[in-house]
Amino acid sequence: RKLLFGAGAAGLYYGWSFYGKITEWFINQGERLPFLPPPEHVMANTGGLIGLIRTYLYFPMPALPELSFFEHTLRTQPLVPIALLLSGGLAAFYLLYRSFRRELSFGRLLLALGMIAAAMIHQFMIGVILFLLYLMWYVEDISDLRKPALLIVYGIGAVSLGAWLTLMLADPALSGEQILMALGGYPNLMRYFLHRFVSGWPLMSLGFAAGSLWLLRQLIKDPRASAPWFTLGALLLPLVITSCFEVYAETRYFFHLYPLIVIVFALMMNKAIDKIMSFRPFISSRARKLALPALAVAALCFSQDANPLYAWEIGERTYTSRKDPIRSITNLKPYAFFHQDQETPSLYLREHLRPGDRVAVFGSVFKLRVYQFYLGNVDYLVTPSRNQLRLSDGKLVTPVTGSEVLSSLEQFKQVAADSSRGLWVLGDRLILCEDQCHGFVGCGDAIFGPCWDVYPPEIRAYLRDLASRADYVGEDGETFVIKIY
Numbered sequence: 002r003k004l005l006f007g008a009g010a011a012g013l014y015y016g017w018s019f020y021g022k023i024t025e026w027f028i029n030q031g032e033r034l035p036f037l038p039p040p041e042h043v044m045a046n047t048g049g050l051i052g053l054i055r056t057y058l059y060f061p062m063p064a065l066p067e068l069s070f071f072e073h074t075l076r077t078q079p080l081v082p083i084a085l086l087l088s089g090g091l092a093a094f095y096l097l098y099r100s101f102r103r104e105l106s107f108g109r110l111l112l113a114l115g116m117i118a119a120a121m122i123h124q125f126m127i128g129v130i131l132f133l134l135y136l137m138w139y140v141e142d143i144s145d146l147r148k149p150a151l152l153i154v155y156g157i158g159a160v161s162l163g164a165w166l167t168l169m170l171a172d173p174a175l176s177g178e179q180i181l182m183a184l185g186g187y188p189n190l191m192r193y194f195l196h197r198f199v200s201g202w203p204l205m206s207l208g209f210a211a212g213s214l215w216l217l218r219q220l221i222k223d224p225r226a227s228a229p230w231f232t233l234g235a236l237l238l239p240l241v242i243t244s245c246f247e248v249y250a251e252t253r254y255f256f257h258l259y260p261l262i263v264i265v266f267a268l269m270m271n272k273a274i275d276k277i278m279s280f281r282p283f284i285s286s287r288a289r290k291l292a293l294p295a296l297a298v299a300a301l302c303f304s305q306d307a308n309p310l311y312a313w314e315i316g317e318r319t320y321t322s323r324k325d326p327i328r329s330i331t332n333l334k335p336y337a338f339f340h341q342d343q344e345t346p347s348l349y350l351r352e353h354l355r356p357g358d359r360v361a362v363f364g365s366v367f368k369l370r371v372y373q374f375y376l377g378n379v380d381y382l383v384t385p386s387r388n389q390l391r392l393s394d395g396k397l398v399t400p401v402t403g404s405e406v407l408s409s410l411e412q413f414k415q416v417a418a419d420s421s422r423g424l425w426v427l428g429d430r431l432i433l434c435e436d437q438c439h440g441f442v443g444c445g446d447a448i449f450g451p452c453w454d455v456y457p458p459e460i461r462a463y464l465r466d467l468a469s470r471a472d473y474v475g476e477d478g479e480t481f482v483i484k485i486y
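Here our numbering is used: the first residue of the sequence shown is 2, the next is one more, and so on.
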């Protein structure tokens, strides 16, 4: 049954991906269907067989743990890692001996060996995850935490942590953040979840953490309880798996977990209210009638998103209102801090568009799709990114809309020089600033994630000059339209 469920899920994923690609090509590109490059071209440019699988099956490849410090120490101070490996090997031999004598089950053995191996190569986040799995599957009583297998894991883990921490603190080239990432940076939960969730929802994250610990406690008390299993599994499994891959550090990538996070938070708030209402001052019915609504409102405020004041701000905001850079659909600079008005400039352009006029948009691809929604068609996308589809005639097009890609200033000027047809330019000024900072907003306004389409200085200067002579500027004061005759 589990095998059928997994096969069905994989088939649904790849079937839906294939359907989406085919539909996107036919609807958005019409007759300009791109041909797929030959397999040898893909394998030469994207890394052999892995690149072929990644390109045709849309299968992301996981990142690997960062072991540069381990390798450096093995070259410069080999005695420490060799001593750790020898101690871990002796511990593994002892555990195998106990398993051979049927004193240790195969599942416990695998998890214990995994925790020991993770500690020896300073991958303690992996060890913590394996320990949580051990707690959920095999610990039924507090005495189970003192069994010989776990005592050995505790000893190896403590010695390894002390040794690696001492070596890293003694290295002047390592900062505190680098030490934390070396000890617990894989899977990178800190980057892909904790940074976004804690910085965007600090109060809710406290309630969620307390609720998760309570669910874990319930699971230890009753390993067959279905509710803790489902809730913790549905939350932790996607978080751990996605943190093993290199993806953009965007908050929206865990929005699908938000309902479960709210449920855990609401559970903890309900427990807290019940505890408060059990105190002696609230035993009388009159006191309960007064205190219960106040506590309910406090719980809403504590949740942040259901805060009445925050809800009022959402209803009253405009394109110039402050925007939370974390709790939104994009954390990409420079768009994380302002509400962009793509509607009114697009409607202005549509009203003044004449037959034969062309439209060029500059900006990211996901902005292009919004412009096309209002305009119906976009002819050109001005972007330095070459991560596009190449047609048989040599032109680059974006698979999102089928628009032709202009990746250099010379190409744009050549298109603009056609005086027989008008050219409308649509974009925003923020992306053209000299001090532009590309990346993703994180904790402490830090940058996480790869940089995206950065315009060369000559393109920025040319487009900035066009923006200064705009025919129309949107309500955000940044998005503009100009016609080049």
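In this text, a Cβ means the ideal position worked out from N, Cα and C, and glycines have one as well.
Cα-Cα separation between residue i and residue j, rounded to whole angstroms
i: Leu-112; j: Lys-396; result: 53 Å
i: Asp-325; j: Phe-256; result: 16 Å
i: Asp-275; j: Glu-344; result: 48 Å
i: Leu-204; j: Glu-314; result: 19 Å
i: Asp-472; j: Phe-198; result: 41 Å
i: Phe-70; j: Pro-82; result: 11 Å
i: Leu-296; j: Asn-308; result: 13 Å
i: Leu-114; j: Ala-93; result: 6 Å
i: Leu-424; j: Ala-337; result: 29 Å
i: Leu-96; j: Leu-105; result: 8 Å
i: Leu-268; j: Arg-225; result: 20 Å
i: Ser-279; j: Asn-271; result: 12 Å
i: Val-482; j: Ser-329; result: 26 Å
i: Leu-236; j: Ser-322; result: 33 Å
i: Ala-312; j: Leu-133; result: 37 Å
i: Val-248; j: Pro-239; result: 13 Å
i: Ala-1; j: Phe-303; result: Since the first and last residues shown for the chain are 2 and 486, residue 1 lies out of range.
i: Thr-252; j: Leu-207; result: 18 Å
i: Phe-413; j: Leu-407; result: 6 Å
i: Phe-209; j: Leu-190; result: 15 Å
i: Ser-409; j: Pro-385; result: 7 Å
i: Pro-282; j: Leu-301; result: 23 Å
i: Ala-418; j: Thr-319; result: 38 Å
i: Pro-457; j: Leu-433; result: 10 Å
i: Arg-422; j: Arg-355; result: 10 Å
Residue burial classification, residue i (beta-carbon count within 10 angstroms, cutoff 16)
i: Lys-334; result: buried
i: Arg-287; result: exposed
i: Gly-177; result: exposed
i: Phe-101; result: exposed
i: Tyr-135; result: buried
i: Arg-109; result: buried
i: Thr-167; result: exposed
i: Ala-84; result: exposed
i: Ala-171; result: exposed
i: Ala-228; result: exposed
i: Ser-200; result: buried
i: Gly-536; result: Lying outside 2 to 486, the shown extent of the chain, residue 536 is not represented and no answer is given.
Residues near residue i in its chain [Cβ-Cβ closer than 7 Å; skip 5 each side]
i: Gly-445; result: Confidence at Gly-445 is low in this model, with a pLDDT of 41, below 50, so its placement is unreliable and the value that follows should be read with caution. Cβ neighbours of Gly-445 beyond the five flanking positions: none.
i: Val-140; result: Leu-146 and Ile-221
i: Arg-470; result: Ile-483
i: Ile-157; result: Ser-88, Gly-89, Ala-92, Ile-117 and Ala-120
i: Asp-1; result: Because the chain is modelled from 2 through 486, residue 1 falls outside the range shown and cannot be assessed.
Beta-carbon contacts of residue i that lie in its chain and below 6 Å, excluding the five residues immediately before and after
i: Met-169; result: Leu-175 and Ile-180
i: Phe-125; result: Leu-184 and Gly-185
i: Trp-1; result: Absent from the model: residue 1. The displayed extent of the chain is 2 to 486, so no value can be given.
i: Ser-347; result: Tyr-372, Tyr-375 and Leu-376
i: Pro-63; result: Cys-245 and Phe-246
i: Ile-277; result: none
Minimum C-alpha distance to residue i - residue among the options
i: Glu-476; options: Ile-221, Ala-183 and Phe-339; result: Phe-339
i: Leu-350; options: Phe-280, Arg-328 and Leu-427; result: Leu-427
i: Ala-505; options: Phe-363, Ala-418, Pro-385 and Glu-104; result: Past the edges of the chain, shown from 2 to 486, lies residue 505, and the structure says nothing about it.
i: Thr-480; options: Asp-466, Asp-429 and Tyr-463; result: Asp-429
i: Ile-262; options: Arg-225, Ala-299, Gln-305 and Ser-279; result: Gln-305
i: Ser-244; options: Ala-235, Ala-228 and Pro-188; result: Pro-188
i: Ile-575; options: Leu-464, Leu-65 and Gly-478; result: A question about residue 575 goes unanswered here, because the residues of the chain that appear run from 2 up to 486.
i: Val-416; options: Arg-461, Ala-228, Arg-109 and Arg-359; result: Arg-359
i: Phe-367; options: Arg-318, Gln-341 and Glu-67; result: Gln-341
i: Ile-327; options: Val-160, Ala-210, Trp-202 and Leu-407; result: Trp-202
i: Trp-230; options: Ser-365, Val-265 and Leu-152; result: Val-265
i: Ala-120; options: Tyr-155, Pro-149 and Leu-369; result: Tyr-155
i: Leu-431; options: Asp-419, Val-474 and Ala-418; result: Val-474
i: Phe-107; options: Thr-74, Ala-150 and Glu-67; result: Ala-150
i: Asp-223; options: Ser-161, Leu-291, Ile-485 and Asp-142; result: Asp-142
i: Glu-411; options: Ile-153, Leu-464, Val-401 and Asn-378; result: Leu-464
Contacting residues, own chain, Cβ-Cβ under 8 Å from residue i (five flanking each side not counted)
i: Glu-405; result: Asp-380, Tyr-381, Leu-382, Lys-396, Leu-397 and Val-398
i: Leu-233; result: Met-137, Ser-213, Leu-216, Leu-217 and Leu-220
TODO: Assess, as a yes-or-no matter, whether the segment 71-90 is touched by the segment 129-138 under the definition of 3 or more beta carbon pairs within less than 8 Å.
DONE: no
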